[in-house]
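Residue numbers (UniProt numbering): 1 to 257.
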């Protein structure tokens, strides 16, 4: 049972009645909801009320809807799953890293269809913590890790299917099937950022079976797209560390990198 009493902002277009019911079921019934109009946070008095609210629930995720709210004050943006299991929603609503942090939590199905790496980098650039001079490389690194978390982590698709042209149809079939599965497609992808005077930290967490980073990077070129992607990231970031059996990857970008 949660003791959160802070307001929770809910983007317009999300089913407020269902949100209230779910929050009550998971012990967040004391929270009061503020409807948030998509667009710049100064666009309405309602948005001004939500300016200090660190959490935003967003239903019916699209790139456009996400882009509209990332240019705002919210430290945490959490998808409200329109269907299926909502396991883990409480943890994501209650976990606030405080100032100088940002987190986007979405389901795998949503992460596949929206440009997560670009949108997160947009949000960081808007907050003045991602300089234009390093934006391109940081986005490449984040895209690689998010793609790995989606495909090889939560969807559990083997790398060799994508690497071999004769198996591409099989790869596409597996991808469609697993995205449609409530269990795999509903798994969470968490992208978190933190920054200070020394640099920027980016982490990506999935709910897959994990991997050994040393094994991944040692895979043969013909079958090791996962390992090659991690190698690209290591060439860009100042430091890369994996945790939780490979389910969480943390990248550090020093300001002088």
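Note that CB positions come from ideal geometry on N, CA and C, so glycine has one too. Quantities reported herein were computed from a predicted structural model and do not represent experimental measurements.
Coarse secondary structure for residue i, derived from DSSP in three states
i: residue 211; result: coil
i: residue 192; result: strand
i: residue 10; result: strand
i: residue 151; result: helix
i: residue 241; result: strand
i: residue 61; result: coil
i: residue 79; result: strand
i: residue 198; result: coil
i: residue 157; result: coil
i: residue 187; result: coil
i: residue 276; result: Look at the range of the chain in this structure, 1 to 257, and you will see that residue 276 is not part of it.
i: residue 99; result: coil
i: residue 90; result: helix
i: residue 129; result: coil
i: residue 176; result: helix
i: residue 164; result: coil
i: residue 247; result: coil
8 Å Cβ cutoff met for residue i and residue j
i: residue 121; j: residue 138; result: yes
i: residue 153; j: residue 208; result: yes
i: residue 244; j: residue 252; result: no
i: residue 186; j: residue 90; result: no
i: residue 229; j: residue 100; result: no
i: residue 78; j: residue 92; result: yes
Cβ shell of residue i (< 6 Å), same chain only, five flanking positions each side left out
i: residue 155; result: 178, 184
i: residue 192; result: 103, 203
i: residue 250; result: 203, 241
i: residue 60; result: 13
i: residue 180; result: none
i: residue 256; result: none
Inter-residue Cα distance where the pair is residue i and residue j
i: residue 242; j: residue 234; result: 12 Å
i: residue 205; j: residue 166; result: 31 Å
i: residue 109; j: residue 9; result: 23 Å
i: residue 144; j: residue 113; result: 15 Å
i: residue 16; j: residue 74; result: 19 Å
i: residue 104; j: residue 14; result: 17 Å
i: residue 194; j: residue 95; result: 14 Å
i: residue 170; j: residue 161; result: 7 Å
i: residue 157; j: residue 175; result: 7 Å
i: residue 71; j: residue 140; result: 21 Å
i: residue 173; j: residue 164; result: 14 Å
i: residue 111; j: residue 69; result: 16 Å
i: residue 58; j: residue 236; result: 32 Å
i: residue 124; j: residue 130; result: 6 Å
i: residue 264; j: residue 168; result: Any property of residue 264 remains undetermined from this structure, which presents the chain solely from 1 to 257.
i: residue 246; j: residue 97; result: 22 Å
i: residue 128; j: residue 210; result: 33 Å
i: residue 159; j: residue 151; result: 8 Å
i: residue 182; j: residue 24; result: 23 Å
i: residue 190; j: residue 55; result: 14 Å
i: residue 146; j: residue 126; result: 21 Å
i: residue 196; j: residue 188; result: 27 Å
Own chain, CB closer than 7 Å to residue i, minus 5 neighbours either side, in chain order
i: residue 142; result: 117, 120, 121, 202
i: residue 254; result: 198, 199, 238
i: residue 62; result: 114
Residues of its chain near residue i, where Cβ-Cβ distance is below 8 Å and the 5 sequence neighbours each way are ignored
i: residue 19; result: 10, 33, 57, 59, 80
i: residue 67; result: 119, 122
Check: Contact between the stretch 197-212 and the stretch 129-139: three or more CB pairs below 8 Å?
Finding: Counting Cβ pairs under 8 Å, three or more are found: they touch.
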